[in-house]
Amino acid sequence: MSLYWRIFLLNAAVLVTAVLLLLGPVTVSTPVLFGEAVVLLAGLAAMLIANAALLRIGLAPLGRLTRAMSAVDLLRPGGRARVEGPAEVAELTTSFNAMLGRLEAERAGSSARALCAQEAERRRIARELHDEVGQTLTAVLLQLKHAADRAPAPLREELRQVQETTRAGLDEIRRIARRLRPGVLEELGLHSAVRALTAEFTSGSLTVRHVIGPHVPPLDEAAELVFYRVAQEALTNAARHAGASEVEVHLSGRPDGAVRLLVRDDGRGIGPAGEGAGIQGMRERALLIGADLAIGSGPRGGTDVRLDVPVATTEVSR
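So for the sequence shown, the UniProt record's numbering puts the first residue at 1; every next one is plus one.
Structure follows, in structure tokens:
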């Protein structure tokens, strides 16, 4: 029975009951007596309550579908509304689930194109920083050294300071270029890239340790890049926003052949604030390879960032 006829019959039943009451032995005086008014009001209240209850039962599947629609998050795929209720509601739910699947596929495809374009732009900027700006600053350092060697003593010290400032700027540009384009990942693989990343973030106020398991299966290039970027973003958040003093980066193989990345810090945690662009970027990257990203509180009160890559993504690529 369609939803239209269900609602029609529910209301018809209430109206028919009201008519039957009017045809019964109950009479109404003019003016209406107090007892008759009480009976009429009680009957009206009973009909309204019955109508409301019947409508609630009939429209309950639509309410559940509405709640499922409002809870949809394309960055957390896989959730679907339960198909139930009358035929029309079940068909609507099935259509919604199919639409949600198309949206998730389109979102994954558009995110893949956007992230590929972003990585290409990162490589271009890193190459220009290294080849153009880096070489220019290297030439400036050589010229400053030549000028300092020939300058009088009072000016020589100032030129030495300018040399040190220029050298520090050159080191910073190289560091930025390494973050933009993880050359160590392309040349030496994920294990070496994780070690280099932990060494890069280690400072006087932050200790970063890496723990790499003995049985980590090889991954394809896309999965390795996702691992690297998620670890990089998690370490950046721990260093800049969490106020952490210690961070551990675990890379391990799972018994089912999957690979897990765990970044655990002892900072202040995420708190009630919503997810920012960094976390959303990690979720979009995880979607590209069908990985599961979970972010929550750690055992020490900090934040745990866990990325699980399924078995189908792992392959012998080296």
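Think of the CB as a built atom: it goes at the ideal place given N, C-alpha and C, for glycine as much as any other residue.
Handout entry: Range covered by the beta strand (DSSP E) that runs through E248
Key = Position 248 of the sequence shown, counting from 1, holds the residue named residue 248. Segment 246–253, the beta strand (DSSP E) holding E248.
Practice task
Within its chain, find whatever has a CB closer than 8 Å to the CB of residue 319; leave out the 5 residues flanking it on each side and keep chain order.
Solution key: As displayed, the chain neither begins before 1 nor continues past 318, which places residue 319 out of reach and without an answer.
Handout entry: Three-state class that DSSP yields for L307 in the structure shown
Key = As a working mapping, residue 307 is identified with position 307 in the sequence shown. Here L307 sits in strand by DSSP.
Practice task
Could you check the C-alpha separation between R175 and F201 for me, to the nearest Å?
Solution key: Numbered from 1 along the sequence shown, position 175 holds the residue referred to as residue 175. Numbered from 1 along the sequence shown, position 201 holds the residue referred to as residue 201. One alpha carbon belongs to R175, the other to F201, and they sit about 11 Å apart.
Exercise for the section: Could you give the DSSP three-state label for R300: helix, strand or coil? Expected result: In the sequence shown, the residue the question calls residue 300 occupies position 300. Coil at R300, not helix or strand.
Problem - L33, buried or exposed, once every other Cβ within 10 Å from all chains shown has been counted against 16 - result: Mapped onto the sequence shown, residue 33 falls at position 33. By the neighbour-count criterion, in which a residue is buried when 16 or more other Cβ atoms sit within 10 angstroms of its Cβ, L33 is exposed.
Exercise for the section: Would you decide whether L65 is buried or exposed? Buried here means 16 or more other CB atoms lie within 10 Å of its CB. Expected result: Along the sequence shown, read from residue 1 onward, the residue named residue 65 stands at position 65. Under the 10 Å beta carbon count, L65 is surrounded by 16 or more other beta carbons and is classified as buried.
Practice task
Identify the continuous beta strand (DSSP E) that holds V83 and give its terminal residues.
Solution key: Your numbering for residue 83 matches position 83 in the sequence shown. In the DSSP annotation of this structure, V83 is not part of any beta strand (DSSP E), being labelled neither H nor E.
Problem - Residues that DSSP places opposite D292 in a beta bridge - result: By one-based count along the sequence shown, residue 292 stands at place 292. Answer by DSSP bridge pairing, in chain order: D308.
Problem - Residues near S297 in its chain [Cβ-Cβ closer than 8 Å; skip 5 each side] - result: If you number the sequence shown from 1, residue 297 lands on position 297. Within the same chain, S297 has close Cβ partners G269, I270, T303, D304.
Practice task
Consult DSSP for R209 and reduce its assignment to one of helix, strand or coil.
Solution key: Position 209 of the sequence shown, counted from the first residue, corresponds to residue 209. Strand.
Handout entry: Extent of the continuous alpha helix (DSSP H) to which D171 belongs
Key = What you label residue 171 is simply residue 171 of the sequence shown in a count that begins at 1. Where D171 is concerned, the enclosing alpha helix (DSSP H) stretches over 153–180.
Exercise for the section: Determine, using beta-carbon pairs with one atom in the segment 185–204 and one in the segment 227–235, whether at least three such pairs fall under 8 Å. Expected result: Short answer: they touch.
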